[in-house]
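Some notes on the structure that comes next.
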Amino acid sequence: MRDPRYDILFEPVQIGPVTARNRFYQVPHCCGMGYRFPSSAAAMRGVKAEGGWAVVCTEEAEIHHSAEITPYLENRIWDDQDLPHLKAMTEAVHVQGGLAGIELVHNGQHAANHYSRAVPLGPSHRAVDNGAPVQARAMDKTDIANLRRWHRQAAIRAREAGFDIVYVYAGHDMAVLQHFLSRRHNERTDEYGGSLENRLRLTREILIDTKEAVGDRCGVAFRFAVDELLGEDGISAEGEGREVVERLAELPDLWDVNVSTWQNDSQTARFAEEGYQERYIGFVKSLTSKPVVGVGRYTSPDAMVRVVKQGIMDMIGAARPSIADPFLPKKIEEGRIDDIRECIGCNICVTGDEVSAPIRCTQNPTMGEEWRRGWHPEVIPAAKDRERVLIVGGGPAGLEAARACGQRGLEVVLAEASEAWGGRALHESRLPGLSSWGRVKDWRLGQLHKLANVEMYLASPLTAEDILSYGIAHVALATGATWRRDGIGLTRHQPLAGLDGAAVFTPDDFLGEGDGLDRLPAGPLVVYDDEGYFMGGVLAELLAKAGRAVTLVTPAALVSPWTDKTMEQAFVHRRLVEKGVTLRLGTLLKGRDGDALDLACAYTGAPARLDCAALVLVTSRLPRDGVYQDLKARESEWTEAGIESVQSIGDCHAPATIAAAVYAGHRYAREFGEVIDPDATPFKREVIQVD
Ligand code: ADP
Ligand code: SF4
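According to the numbering used here, the sequence shown holds residues 4 to 694 in order.
Structure representation (structure tokens):
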């Protein structure tokens, strides 16, 4: 059972009129569900309460149609029409003994109002911050009175929907209250502008309004960015951030503090370590007697105990650790620390919100699938029969398939060609900043070692012949993928000319057993990124760290453009510049001629040349599906060999992210023994009713 060292984490905490059963607090976080997928959202939040989180919050909930951020799928509490879906969430949390929180927001100049076409509102005349060619209008006194009324009405509605904690929100540079607070956004000359007390006036008024409206039954939380990481140009922990906490100290029932913007708040492991916000938020507790919540991707109970004992926070705030493991508190409570599925800090979860699709997670393949597929993060039905399964390949897909099949009680044999488990989760974890990605393999290996019904073999490169000779009824090929060496990628659809015999490398040469670094010739290196996620940027970083002159060429207008969806893009750019990597954006690779590359402007086609001793192509991948294809070619021999099914999964099926490979492995196990109708949608949908 629970280690007494962790008892402190299970002490109740008073939040105004409500009591949290322990110190685990799921702070508001986006999930790409919001008002559009409310049943999915309710089930997902309910699972977290079941997993022991004392407080489970919604994502931001827009209080009014002038605060909407289409195309993003946040929550809405515009009027009573929103109550049924919000009630579904509070009920799902209450049934599991949790408190439900709602983050009310008016998005101010962050809301372009693409859907409502309302005129955006802010403290001053300012461009809407997402680049839409519209401006927020400076609010007059009537607007301010309206805003206060909208917030108050939303708070009352929230109480009616069953929420226990109601937020006032001034964070992430996404909320009008932060816009009012900020010197750079607020150039008003009335009593809402100028001095800090004036800029704080609206926040103070709304906090008081909210307490008066619902404070009898609901805790009123204040989410505040104590530091905008802008130095003297912004709110800072040494400056106005501290003063705000001093001035409002006892007014909210709870302080939920972080840094702004969201990019800074939710930094990936590549750019920030666990607990990286402590140095900013550490002062808050000394200025208030009210409970303080902070975040920092904490997954270790020892770190959690430390921050409580050191007086940094009273409650352990988490978005990502609660996504990767909704049962994190329960596992600590039950003394199952090894079972905690630790967040790897990759921000694939954020990509759901960024593309307006339900959340997904690299570590937790059930995230977002709780309602539509009925998947539970801890429970998986036992298989009907104790059938035998051979899984070939011990990367993310193979490990997860073996683990989940093992959990279902199947007899599993897992074979891996190399001397180590993990596939790309191992290899990529050796790249700069990605060591935590190894947790994908570590957690699965830890679980697999507890399963007596799973046999595991390293150094076992299997052929179709081997597999036919074993006579194991069900075979899953999770043999991964290899990077292309011909230049075909996102924008290029024909092989590149001039690559034969030249020094051409791919990421595989630097991963795993690859000795690419030793084989690189002297002279300038060029990384050509026509893929767009992290690999091109991280390889350029690796080569620059090795002391080489590196140019990163990409047809995209941004470096590592898809990392925009993981909120890393600006950090990637900055790091590459800091490492001395030369960037050539908007540039196509056309061919190679001796020691030079033929390039062309991606927009005009204007040609250019670039000296290049060695070219690293980061373009696209091909399934490593030779064994699968060999087996398919010998399908007539299966029956005699005792084989009933053969399936390729993960990158061997179609190369994608590690998250997709884990998901594929999990889905293989869940669907094992099921007859899948290829014509039927394999999950429940939330279909909008026609009026
Ligand atoms: P995924 O992301 O789909 O899990 P990976 O590339 O990470 O794919 O992992 C695939 C794993 O399969 C690698 O560890 C690789 O060594 C292993 N593998 C490839 N071919 C074979 C084979 N014929 N027999 C056993 N293991 C194999
Ligand atoms: Fe953590 Fe990545 Fe999962 Fe997000 S997607 S919770 S960052 S493991």
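A virtual CB, placed ideally from N, CA and C, is assigned to each residue, including glycine. On a predicted model such as this, the values are computed, not experimentally measured, just so you know.
Handout entry: Residues that DSSP places opposite Ser651 in a beta bridge
Key = Within the sequence shown, the letter at position 648 stands for residue 651. BP columns for Ser651 point to Leu480.
Problem - Selected residue, minimal CA-CA separation from Ala64, among Asn78, Gly398 and Asp167 - result: Walking along the sequence shown from the start, residue 64 turns up at place 61. The residue among Asn78, Gly398 and Asp167 with its C-alpha nearest the C-alpha of Ala64 is Asn78.
Practice task
With 8 Å as the threshold, decide whether the Cβ of Lys582 is near any Cβ in chain D.
Solution key: The chain labelled as chain D is not found in the depicted structure, where only one protein chain is given.
Handout entry: Whether Thr365 touches Ala662 by CB criterion (8 Å)
Key = The residue given as residue 365 occupies position 362 in the sequence shown. The residue given as residue 662 occupies position 659 in the sequence shown. Yes. Within cutoff.
Exercise for the section: Quick one: grab the DSSP three-state call for Ile394. Expected result: Counting from 1 along the sequence shown, the entry for residue 394 is found at position 391. Note: Ile394 maps to strand in three-state DSSP.
Handout entry: CA-to-CA distance, Ile491 to Gln497, given in whole angstroms
Key = Against the sequence shown, residue 497 aligns to sequence position 494. Against the sequence shown, residue 491 aligns to sequence position 488. Each residue's Cα considered, the two are about 6 Å apart.
Handout entry: Validate contact between the stretch 418 to 437 and the stretch 394 to 403 using beta carbons, cut 8 Å, 3 pairs
Key = With a cut-off of 8 Å, the stretch 394 to 403 and the stretch 418 to 437 count as touching, because enough Cβ pairs lie within range.
Practice task
Say yes only if the C-beta of Ile661 is nearer than 7 Å to one or more non-hydrogen atoms of ligand 1, and no if none qualify.
Solution key: Position 658 of the sequence shown, counted from the first residue, corresponds to residue 661. It does: the Cβ of Ile661 is within 7 Å (strictly closer) of some heavy atom of ligand 1.
Handout entry: 8 Å contact criterion, which Val621 and Gly515 should meet: CB distance rounded
Key = Within the sequence shown, residue 621 is the residue found at index 618, counting from 1. Within the sequence shown, residue 515 is the residue found at index 512, counting from 1. Contact annotation, Val621 with Gly515: C-beta distance approximately 16 Å; criterion of less than 8 Å not satisfied.
Handout entry: Own chain residues within Cβ distance below 6 Å of Gly196, not counting five before or after
Key = Numbered from 1 along the sequence shown, position 193 holds the residue referred to as residue 196. Sequence-distant partners of Gly196 (beyond 5 residues in either direction) whose C-beta falls short of 6 Å from its own C-beta, in its chain, are Asn189.
Practice task
If I'm right that Gln29 touches Val59 with Cβ under 8 Å, what's the distance once you round it to whole angstroms?
Solution key: Mapped onto the sequence shown, residue 29 falls at position 26. Mapped onto the sequence shown, residue 59 falls at position 56. With a Cβ gap of about 5 Å, Gln29 and Val59 count as contacting.
Problem - Cβ pair Leu232, Thr206 closer than 8 Å - result: Here residue 232 is taken as the residue at index 229 of the sequence shown, counted from 1. Here residue 206 is taken as the residue at index 203 of the sequence shown, counted from 1. Going by C-beta atoms, Leu232 is not nearer than 8 Å to Thr206.
Practice task
Could you pull out every residue in the same chain whose Cβ sits closer than 7 Å to the Cβ of Asp614, ignoring the five residues on either side in sequence?
Solution key: Counting from 1 along the sequence shown, the entry for residue 614 is found at position 611. Sequence-distant partners of Asp614 (beyond 5 residues in either direction) whose C-beta falls short of 7 Å from its own C-beta, in its chain, are Pro527, Asp598 and Ala599.
Problem - ligand 1 heavy atom lying under 7 Å from the CB of Ser421 - result: What you label residue 421 is simply residue 418 of the sequence shown in a count that begins at 1. Ligand 1 approaches Ser421 closely enough that one of its heavy atoms is under 7 Å from the residue's Cβ.
Practice task
Using three-state DSSP, classify Tyr531 as helix, strand or coil.
Solution key: Here residue 531 refers to the residue found at position 528 of the sequence shown. Strand at Tyr531.
Problem - Same chain only: Cβ atoms within 6 Å of Ile72, ignoring 5 sequence neighbours per side - result: The residue labelled residue 72 in the question sits at position 69 within the sequence shown. Contacts found: Asn110 and Ala114.
Problem - Residue of Ala252, Val247, Glu276 and Gly237 minimising C-alpha distance to Thr264 - result: Start at 1 with the first residue of the sequence shown, and residue 264 comes out as number 261. Taking only the C-alpha atoms, the option nearest Thr264 is Gly237.
Exercise for the section: Return the chain-ordered list of same chain residues with a C-beta closer than 6 Å to the C-beta of His175, the five sequence neighbours on each side being excluded. Expected result: Position 172 of the sequence shown, counted from the start, is the residue given in the question as residue 175. Here the set comprises Ser263, Thr264 and Trp265.
Practice task
With a 10 Å radius around its C-beta and 16 neighbouring C-beta atoms as the bar for buried, classify Leu461 as buried or exposed.
Solution key: The residue given as residue 461 occupies position 458 in the sequence shown. Residue environment for Leu461: exposed (fewer than 16 other C-beta atoms within 10 angstroms of its C-beta).
Practice task
With DSSP as the reference, please indicate the residues paired to Arg587 in a beta bridge.
Solution key: Numbered from its first residue, the sequence shown carries residue 587 at position 584. Val556, per the DSSP bridge assignment.
Exercise for the section: May I ask you to check if the CB of Gly425 is nearer than 7 Å to at least one heavy atom of ligand 2? Expected result: Translated into positions along the sequence shown, residue 425 becomes position 422. For ligand 2, not one heavy atom lies less than 7 Å from the Cβ of Gly425.
Handout entry: Proximity winner among Cys655, Val358, Leu12 and Glu571, relative to Met318 (alpha-carbon distances)
Key = Here the question's residue 318 lines up with position 315 in the sequence shown. Ranking Cys655, Val358, Leu12 and Glu571 by CA distance to the CA of Met318 puts Leu12 first.
Problem - Proximity of Tyr75 and Ser359 at Cβ, strictly below 8 Å - result: Start at 1 with the first residue of the sequence shown, and residue 75 comes out as number 72. Start at 1 with the first residue of the sequence shown, and residue 359 comes out as number 356. Annotated as proximal: Tyr75 and Ser359, with beta-carbon spacing under 8 Å.
Exercise for the section: Find out if the Cβ-Cβ distance for the pair Lys727, Ala547 is shorter than 8 Å. Expected result: In the structure as shown, the chain starts at 4 and stops at 694, and residue 727 therefore has no counterpart that could be examined.
Practice task
Have a look at the DSSP bridge pairing and note the partners of Phe27.
Solution key: As a working note, residue 27 is residue 24 in the sequence shown. For Phe27, which the question treats as bridged, DSSP gives the partners Ile319.
Exercise for the section: Go ahead and label Ser198 buried or exposed: buried means 16 or more other beta carbons lie within 10 angstroms of its beta carbon, across all protein chains shown. Expected result: Numbered from 1 along the sequence shown, position 195 holds the residue referred to as residue 198. With fewer than 16 neighbouring CB atoms inside 10 Å of its own CB, Ser198 falls in the exposed class.
Handout entry: Opposing strand residues paired with Pro626 [DSSP bridges]
Key = As a first step, residue 626 is located in the sequence shown; it is residue number 623 there, counting from the start. In the DSSP assignment, Pro626 is bridged to Ala484.
Exercise for the section: On a CA-only basis, which of Pro294, Arg152 and Arg389 is nearest Gln410? Give me that one, please. Expected result: Position 407 of the sequence shown holds residue 410. If you compare the alpha carbons of Pro294, Arg152 and Arg389 with that of Gln410, the shortest gap goes to Arg389.
Problem - Beta-bridge pairing of Asn261 - partner residues as DSSP gives them - result: Along the sequence shown, one-based indexing puts residue 261 at 258. Beta-bridge pairing by DSSP links Asn261 to Ala228.
Handout entry: Where the alpha helix (DSSP H) through Ala549 begins and ends
Key = Taking the first residue of the sequence shown as 1, we reach residue 549 at position 546. Here Ala549 belongs to no alpha helix (DSSP H), and DSSP marks it neither H nor E.
Practice task
Consult DSSP for Met92 and reduce its assignment to one of helix, strand or coil.
Solution key: Your numbering for residue 92 matches position 89 in the sequence shown. Reduced to three states, the DSSP call for Met92 is helix.
Exercise for the section: With a cut-off of 8 Å on the beta carbons, I'd call Phe166 and Gly104 a contact; round off their distance for me. Expected result: Here residue 166 corresponds to residue number 163 of the sequence shown, with the count starting at 1. Here residue 104 corresponds to residue number 101 of the sequence shown, with the count starting at 1. With a Cβ gap of about 6 Å, Phe166 and Gly104 count as contacting.
Handout entry: Given 8 Å, three or more beta-carbon pairs between the stretch 435 to 451 and the stretch 470 to 488
Key = A contact is defined here as three or more CB-CB pairs under 8 Å, and the stretch 435 to 451 fails this definition with respect to the stretch 470 to 488.
Handout entry: For Ala64, the three-state DSSP class (helix, strand or coil)
Key = In the sequence shown, counting from the first residue as 1, residue 64 sits at position 61. It is a strand residue.
Problem - Local Cβ density within 10 Å of Arg627, reported as buried at 16 or more and exposed below that - result: Your numbering for residue 627 matches position 624 in the sequence shown. That one is buried.
Exercise for the section: Would you tell me roughly how many angstroms separate the C-alpha atoms of Val223 and Arg191, rounded to the nearest one? Expected result: Translated into the one-based positions of the sequence shown, residue 223 becomes position 220. Translated into the one-based positions of the sequence shown, residue 191 becomes position 188. One C-alpha to the other measures close to 28 Å.
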